[in-house]
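Here the structure comes first, spelled out in structure tokens, and everything after it is commentary.
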Amino acid sequence: MHYWKKMTVQERRNRIAQALQENINFTDEISLGFPASKLDGKVFYDDAPFLKDAPTLQAFVANPNNIGCHTLGVSERVFKGTQNIEREVLNVIAVDIFKAAPGSFDGYIAPGGTEANIQALWMYRNHFINEYHATPNEIAIVSSEDTHYSIPKGSNLLMIDWLRIPVEFNSRNIKKDKLEQIVTDAKNNGKKYFIVVLNMGTTMFGSVDSITDYTDILEAHNLEYQLHIDGAYGGFVYPFSNSDSNLNFANPKVSSITIDAHKMLQAPYGTGIFVCRKGLIENVLTKEAEYVEGMDLTICGSRSGANAVAVWMILFTYGPHGWFENISVLQMRTDWLCKELDQMGIAYYRNRFMNIVTLKADHITEEIANRFQLVPQKHDKTNKWYKIVLMTHVEVDDLMAFIEVLKSERTVV
Ligand SMILES: Cc1ncc(COP(=O)(O)O)c(C=O)c1O
23 MHYWKKMTVQ
33 ERRNRIAQAL
43 QENINFTDEI
53 SLGFPASKLD
63 GKVFYDDAPF
73 LKDAPTLQAF
83 VANPNNIGCH
93 TLGVSERVFK
103 GTQNIEREVL
113 NVIAVDIFKA
123 APGSFDGYIA
133 PGGTEANIQA
143 LWMYRNHFIN
153 EYHATPNEIA
163 IVSSEDTHYS
173 IPKGSNLLMI
183 DWLRIPVEFN
193 SRNIKKDKLE
203 QIVTDAKNNG
213 KKYFIVVLNM
223 GTTMFGSVDS
233 ITDYTDILEA
243 HNLEYQLHID
253 GAYGGFVYPF
263 SNSDSNLNFA
273 NPKVSSITID
283 AHKMLQAPYG
293 TGIFVCRKGL
303 IENVLTKEAE
313 YVEGMDLTIC
323 GSRSGANAVA
333 VWMILFTYGP
343 HGWFENISVL
353 QMRTDWLCKE
363 LDQMGIAYYR
373 NRFMNIVTLK
383 ADHITEEIAN
393 RFQLVPQKHD
403 KTNKWYKIVL
413 MTHVEVDDLM
423 AFIEVLKSER
433 TVV
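Residue numbers (my numbering): 23 to 435.
Right under this line is the structure:
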């Protein structure tokens with residue numbers, strides 16, 4: 023670990039207090055030009071006594087704007103304290119979790135996984151246009167049918183086609199013969215540049231794609247591609263449960279990753295994280311953002327520096343070993359659930375490194391699914407799966423209650 027460690031309560035308080043001091047203080051300092059201030063004092067009391075013990079809430083009240091990207095060039099001077107905090111978060115994620123060399127990446131804390139994924143698509147689309155003089159209709163996104171809907175959303179926004187690769191019903195692995203056929207057809211129809219999106223934990227199944235399933239076929243066809251990993255859900259799980267994972271920057275084929283702190287890490291919403299190798303993000307520089315010091319390389323524009331503080335607080339409260347323990351406990355609970363289901367002969371999908379269990383719908387009545395708040399793959403009569411996500415609040419007692427009900431009421435064995 024280069025950057026990530028566990029810190030004491032006092033060390034964390036001191037670090038965040040220092041960062042907030044390095045930012046502008048709208049109460050005490052003269053600031054005439056920014057359309058920004060601390061949160062409204064009549065509503066969000068900045069003198070509440072509990073704030074002194076709550077660094078994240080202090081940051082929310084101070085209301086810093088971490089607009090722009092702080093791994094490249096200059097940024098707004100007045101928020102440099104929380105920009106430093108954001109850089110510390112990105113160092114932990116890119117270097118310590120996803121094995122980038124220090125200083126070899128760019129990134130930012132986006133509003134969510136949707137933006138982080140679309141940022142990747144936007145960056146690669148422009149990369150192919152800028153470097154290869156590609157036209158948008160020569161570029162295609164490729165990913166499995168289990169991919170999150172942010173990818174078709176991005177395809178629609180950016181006006182580049184999405185090639186949706188079917189998966190095997192039980193294994194959720196892509197059908198390689200279909201990929202071969204779809205890529206061949208696309209090539210024959212003039213597609214030359216491919217943006218591959220791999221899942222490190224699909225939303226519904228937690229299934230994890232294989233890099234070589236895609237790259238073997240694209241390379242055999244001599245096609246140019248860039249590879250993004252959507253670890254929005256699995257990014258804080260899979261690297262800890264599978265030490266042999268090659269879905270990281272140690273693999274030269276991987277160029278960017280999405281990882282959401284507002285899912286497994288339990289950070290507040292607004293903490294999707296985007297990281298990519300150096301030399302790519304310049305493709306989305308908006309030069310017209312002239313009033314922003316350092317200009318802008320992100321989709322969103324203004325975003326809260328308090329979100330960086332919130333993620334930082336979680337990472338440095340647990341440290342790497344504490345987080346590994348957390349994930350190990352969830353893995354044990356998931357194993358427990360799978361064992362019970364096996365004993366009852368109930369069919370399900372689970373990637374053995376993930377904490378999602380997706381049950382075949384014909385084993386579960388709709389009433390039981392609703393009672394236990396299982397999430398269906400589709401909200402209509404064609405639904406074939408229900409998922410259980412073993413988040414921290416899903417304890418063995420809760421799972422036991424579900425199993426007991428299944429035992430007494432389930433319709434099909
Ligand atoms: C795999 C995956 N990618 C992307 C997203 C989108 O994340 P967000 O809702 O933060 O935009 C999700 C959300 O569930 C997801 O599961």
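Every residue, glycine too, gets a C-beta built ideally from N, C-alpha and C. Only a predicted model underlies this, so the values are computations on that prediction, with no experimental measurement involved.
Straight-line gap, residue i to residue j (C-alpha atoms, nearest Å)
| i | j | result |
| --- | --- | --- |
| E190 | I151 | 34 Å |
| G294 | L269 | 18 Å |
| G63 | V218 | 47 Å |
| Q399 | I410 | 11 Å |
| L79 | A328 | 8 Å |
| P86 | E98 | 11 Å |
| T224 | M145 | 22 Å |
| V83 | V297 | 27 Å |
| P77 | I38 | 6 Å |
| N148 | S53 | 37 Å |
| D207 | K275 | 24 Å |
| L200 | F346 | Just to set this straight, residue 200 is Lys in the shown sequence, not Leu. The straight-line gap from Cα to Cα measures roughly 37 Å. |
| I163 | T237 | 13 Å |
| P188 | F48 | 54 Å |
| L436 | F271 | Nothing can be reported for residue 436, as the shown portion of the chain is limited to 23 through 435. |
| L249 | G301 | 14 Å |
| W184 | S165 | 8 Å |
| H170 | N221 | 9 Å |
| L396 | T104 | 38 Å |
| S193 | P158 | 33 Å |
| N377 | L359 | 10 Å |
| L42 | A81 | 7 Å |
| A408 | N273 | Note that residue 408 is Tyr in the sequence shown here, rather than Ala. So the two alpha carbons sit approximately 34 Å from each other. |
| D68 | F56 | 20 Å |
| K429 | M354 | 22 Å |
| F394 | F424 | 7 Å |
| V435 | N348 | The pLDDT assigned to V435 is 46, lower than 50, so where the model puts this residue is not dependable, and the model offers no usable value. |
| I161 | Y255 | 27 Å |
| E51 | D420 | 52 Å |
| D364 | N195 | 21 Å |
| T414 | H243 | 44 Å |
Other residues of its chain near residue i: CB distance less than 6 Å, five sequence neighbours each side excluded
| i | result |
| --- | --- |
| K382 | A369 |
| S172 | T136, N139 |
| Q141 | F296, I321 |
| N287 | At residue 287 the sequence reads Leu, which differs from the Asn that was named. Excluding positions up to five away in sequence, the list reads F258, I336. |
| L412 | L352, R355, T356, N377 |
| L61 | V83, N85 |
| F66 | V83 |
| T339 | none |
| A116 | A122, F127, V297 |
Proximal residues to residue i (C-beta, below 7 Å), its chain only, five neighbours per side dropped
| i | result |
| --- | --- |
| L337 | W26, V111, V114 |
| K74 | none |
| S267 | Y260, P261 |
| N264 | F375 |
DSSP bridge partner residues for residue i (one or two, in chain order)
| i | result |
| --- | --- |
| R194 | None; R194 has no bridge partner. |
| C298 | D128, S278 |
| W184 | I163 |
| S326 | N87 |
| V189 | I196 |
| Q248 | I217 |
| L381 | Y370, Y408 |
| A308 | Per the sequence presented here, residue 308 reads as Thr, with Ala not at that position. D318. |
| P71 | The partner list for P71 (beta bridge, DSSP) is empty, contrary to what the question assumes. |
| M222 | V230 |
| V397 | K409 |
Other residues of its chain near residue i: CB distance less than 8 Å, five sequence neighbours each side excluded
| i | result |
| --- | --- |
| Q32 | none |
| L319 | G90, C91, L94, D128, Y130, I303, E304, V306, L307, T308 |
| G341 | W26, K27, K28, M29 |
Beta carbon proximity, residue i to chain C, threshold 7 Å
| i | result |
| --- | --- |
| A122 | Going by chain labels, chain C is absent from the structure shown, which holds only one protein chain. |
Sequence-ordered residues whose beta carbon comes within less than 7 Å of a heavy atom of ligand 1: G134, G135, T136, E137, N139, H170, S172, N221, G223, T224, T225, D252, A254, Y255, T280, D282, H284, K285, G294
Stretch pair the segment 220 to 237 + the segment 252 to 261: three plus CB contacts closer than 8 Å: yes
Touching by the beta-carbon criterion (3+ pairs, under 8 Å), the segment 285 to 294 and the segment 130 to 144: yes
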